[in-house]
Amino acid sequence: MTTTVTLIEGDGIGPEVTSATVRVLEATGVDFEWEPHVAGLNAMDRYGEPLPEELVDSVLRNKVALKGPVTTPVGRGFRSVNVELRKRLDLFANLRPIRTLAALPGHFGDVDLVVVRENTEGLYSGIEHEVVPGVVESLKIITRHASTRIARFAFDHARTNGRKRITAVHKANIMKLSDGLFLRCFREVAEEYPEIEADDRIVDNMAMQLVVNPLDYDVLVMPNLYGDILSDLCAGLVGGLGVVPGANHGEHIAVFEAVHGSAPDIAGRDIANPTALIRSGILMLEHLGLEQEALSVGAALDRVLSEPARRTRDLGGDASTSEFTDALVAEIESAAG
Ligand code: NAI
Ligand code: MG
Numbered sequence: 032m033t034t035t036v037t038l039i040e041g042d043g044i045g046p047e048v049t050s051a052t053v054r055v056l057e058a059t060g061v062d063f064e065w066e067p068h069v070a071g072l073n074a075m076d077r078y079g080e081p082l083p084e085e086l087v088d089s090v091l092r093n094k095v096a097l098k099g100p101v102t103t104p105v106g107r108g109f110r111s112v113n114v115e116l117r118k119r120l121d122l123f124a125n126l127r128p129i130r131t132l133a134a135l136p137g138h139f140g141d142v143d144l145v146v147v148r149e150n151t152e153g154l155y156s157g158i159e160h161e162v163v164p165g166v167v168e169s170l171k172i173i174t175r176h177a178s179t180r181i182a183r184f185a186f187d188h189a190r191t192n193g194r195k196r197i198t199a200v201h202k203a204n205i206m207k208l209s210d211g212l213f214l215r216c217f218r219e220v221a222e223e224y225p226e227i228e229a230d231d232r233i234v235d236n237m238a239m240q241l242v243v244n245p246l247d248y249d250v251l252v253m254p255n256l257y258g259d260i261l262s263d264l265c266a267g268l269v270g271g272l273g274v275v276p277g278a279n280h281g282e283h284i285a286v287f288e289a290v291h292g293s294a295p296d297i298a299g300r301d302i303a304n305p306t307a308l309i310r311s312g313i314l315m316l317e318h319l320g321l322e323q324e325a326l327s328v329g330a331a332l333d334r335v336l337s338e339p340a341r342r343t344r345d346l347g348g349d350a351s352t353s354e355f356t357d358a359l360v361a362e363i364e365s366a367a368g
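Heads up: the sequence shown begins at 32 in our numbering, then just goes up one per residue.
(1) Compute the distance between the beta-carbons of phenylalanine 123 and asparagine 150, then report whether it is under 8 Å.
(2) Exposed or buried, what is leucine 246 when buried is set at 16 or more other beta-carbons lying within 10 Å of its beta-carbon?
(3) Any chance the CB of valine 290 is under 7 Å from a heavy atom of the ligand MG?
(4) Pick out whichever of Lys202, Arg196, Cys265 has its Cα sitting closest to the Cα of glycine 153.
(5) Counting C-beta neighbours from all protein chains within 10 Å, is the total for arginine 218 16 or more, i.e. buried, or is it exposed?
(6) State the CB to CB distance for the pair glycine 312 and valine 55, rounded to an integer number of angstroms; the pair is presumed to be in contact (CB under 8 Å).
(7) In the DSSP assignment, find the alpha helix (DSSP H) that holds asparagine 93 and state where it starts and stops.
(8) I'd like to know if the region 102–113 and the region 123–142 are in contact, where contact means that at least 3 CB-CB pairs between them fall below 8 Å.
(9) Report, in whole angstroms, the separation of the C-beta atoms of glycine 41 and proline 100, which I expect to be a contact under 8 Å.
(10) Would you call threonine 198 buried or exposed, if buried means 16 or more other Cβ atoms sit within 10 Å of its Cβ?
(11) Between Gly281, Val286, His291, which lies nearest to valine 275 when the distance is taken from Cα to Cα?
(12) Under 7 Å Cβ to Cβ from threonine 174, same chain only, skipping five residues before and after it: list those, please.
(13) Below 7 Å, is the gap between the Cβ of serine 89 and the nearest heavy atom of the ligand NAI?
(14) Could you give the distance in angstroms between the alpha-carbon of aspartate 333 and the alpha-carbon of arginine 232?
(15) Can you tell me the Cβ-Cβ gap for glutamate 159 and valine 167, rounded? I've got them flagged as a contact below 8 Å.
(16) What do you reckon, is the C-beta of aspartate 345 under 7 Å from a heavy atom of the ligand NAI?
(17) Exposed or buried, which one is arginine 77 when buried takes at least 16 other CB atoms within 10 Å?
(18) Consult DSSP for proline 46 and reduce its assignment to one of helix, strand or coil.
(19) Give the secondary structure of threonine 356 by DSSP, where H, G and I count as helix, E and B as strand, and everything else as coil.
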């Protein structure tokens, strides 16, 4: 049986980490058919728009996509393709599992957290305007609909995965209406899940708690901006942006992408760590019901990462992206016999 997946390679290190991920996923023997599409600057050149309709149609049709990072111009130019895609496809939940890998013990113990980020509104609504010269307004949109939906997603995820506690992250002391509504919706949904402990933290304290007591936390749910910032912080607890995967979920569609961006500082040099996107690929295999294949990629990652010299530079090794990928493919193929 063929599994058709939309493939968005992105830019910067995107092409390097997506081609590495495709090689590793294909080594499991799954018969993938990839539908490649361009986005961002590459798409501007070819289609005159950063998010071509063909790409959106392809994801709507296949219901699953693997996506590399896409650069967003800072302070000018087109709106973020990443944010736009999540809104167009109503990928309302961004799920980022933050787990210390056995092969990569760090300074923070065995961290095992899940960041659930609301993905469609908050301060990422992109509604900004100049009121008068020198004064701009950026609107933060929080709705009962999206806040309830993301809370329910977090509680369902906790229930399905045997997690015991969910902490809502907010700034409702200052943003009484907007974050207040987010928190109220969270508390209402929590009543439907009496077996799961529910509490909350103010975001600045949360940032400190995550560095000092990361093992105290289980599932975290939060509005868009806090989720963006705290997921990079959490990546730092477990080996950095090179290793943390992610998934954007809608009702029927899922787009798998790493937490990191296009890393222009290291692009095109064959040194990026593809682990984060490969682990997003593991989440994709699980989503497709391919449990054995997911396990085999995870086991190969454990074996290669447990040897310091075979790691990429961000993890202190000296393997290039392609050498690291070669090693993973060889591990998967030899384990399959
Ligand atoms: P970044 O995540 O691209 O890079 C931050 C730092 O981490 C850099 O030093 C980079 O070299 C390093 N890094 C990231 N991924 C790595 C990997 N796989 N292996 C080794 N080192 C890695 O964040 P930055 O520089 O703030 O953003 C660059 C561009 O990416 C911006 O245009 C931003 O808008 C975009 N971006 C796109 C995302 C997406 O497509 N989902 C997510 C985040 C940022
Ligand atoms: Mg981010």
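Where is the CB? At the ideal position from N, CA and C, for every residue including glycine.
In brief:
(1) Here residue 123 corresponds to residue number 92 of the sequence shown, with the count starting at 1. Here residue 150 corresponds to residue number 119 of the sequence shown, with the count starting at 1. A contact, by the Cβ cut-off of 8 Å.
(2) Locating residue 246 in the sequence shown gives position 215, where the first residue counts as 1. Its Cβ having fewer than 16 others within 10 Å, leucine 246 is exposed.
(3) For this step, residue 290 is matched to residue 259 along the sequence shown. True, at least one ligand heavy atom lies under 7 Å from that Cβ.
(4) As a working note, residue 153 is residue 122 in the sequence shown. That would be Lys202, whose Cα lies nearest to the Cα of glycine 153.
(5) By 1-based counting over the sequence shown, the position of residue 218 is 187. Exposed.
(6) On the sequence shown, residue 312 is found 281 positions in, with the first residue counted as 1. On the sequence shown, residue 55 is found 24 positions in, with the first residue counted as 1. Rounded, the Cβ-Cβ distance is 7 Å, consistent with contact.
(7) Counting from one through the sequence shown, the residue named residue 93 turns up at place 62. Run containing asparagine 93: 84–93, per the alpha helix (DSSP H) assignment.
(8) no
(9) Indexing the sequence shown from 1 puts residue 41 at position 10. Indexing the sequence shown from 1 puts residue 100 at position 69. Yes, they are in contact, since the Cβ atoms of glycine 41 and proline 100 sit about 5 Å apart, within 8 Å.
(10) Taking the first residue of the sequence shown as position 1, residue 198 is located at position 167. With a 10 Å radius around the Cβ and a threshold of 16 neighbouring Cβ atoms, threonine 198 comes out buried.
(11) Here residue 275 refers to the residue found at position 244 of the sequence shown. The option with the nearest alpha carbon to valine 275 is His291.
(12) Locating residue 174 in the sequence shown gives position 143, counting from the first residue. These residues qualify, in order along the chain: Glu152.
(13) Taking the sequence shown and counting its residues from 1, one reaches residue 89 at position 58. Serine 89: no, Cβ never under 7 Å from the ligand NAI.
(14) Mapped onto the sequence shown, residue 333 falls at position 302. Mapped onto the sequence shown, residue 232 falls at position 201. Taking the straight line joining both Cα atoms gives about 34 Å.
(15) Residue 159 sits at position 128 when you count from the first residue of the sequence shown. Residue 167 sits at position 136 when you count from the first residue of the sequence shown. 6 Å between Cβ atoms; contact.
(16) Residue mapping note: residue 345 aligns to position 314 of the sequence shown, counting from 1. For the ligand NAI, at least one heavy atom lies less than 7 Å from the Cβ of aspartate 345.
(17) For the purposes of this step, residue 77 is taken as residue 46 along the sequence shown, with counting starting at 1. Flag for arginine 77 reads exposed.
(18) For the purposes of this step, residue 46 is identified with residue 15 of the sequence shown, where counting begins at 1. If DSSP states are grouped into helix, strand and coil, proline 46 belongs with the helices.
(19) If you number the sequence shown from 1, residue 356 lands on position 325. Helix.
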